[in-house]
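For reference, the structure is listed below as structure tokens.
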Amino acid sequence: MNEFQPGDVVCLKSGGPDMTVESVQADQINGTSVTCIWFVEQTLYRASLPFSALVGAMWPIAA
5 MNEFQPGDVV CLKSGGPDMT VESVQADQIN GTSVTCIWFV EQTLYRASLP FSALVGAMWP
65 IAA
């Protein structure tokens, strides 16, 4: 996957929770950043992360 879209499920290459892409911002100076949201228990978290730090989350394919 070369690009993420809002609604895609991603995770950090280094590990961590699955996150949902909220938005993608292209910036010529800083590169592409991806705003992600995720829950830990009942708390919603939001962070803007570099595109290069993310991979698509792996989900089992239904048989």
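Using our numbering, the first residue of the sequence shown is number 5, and each one after it goes up by one. The beta carbon of each residue, even a glycine, is placed where N, CA and C say it ideally should be.
| Query | Result |
| --- | --- |
| Could you give the distance in angstroms between the alpha-carbon of residue 35 and the alpha-carbon of residue 46? | 32 angstroms |
| My output table needs one value for residue 44: the three-state DSSP class, helix, strand or coil. | strand |
| Does DSSP put residue 30 in a helix, a strand or coil? | strand |
| CA-CA distance, residue 12 and residue 33? | 25 angstroms |
| Are residue 21 and residue 38 close, meaning C-beta to C-beta below 9 angstroms? | no |
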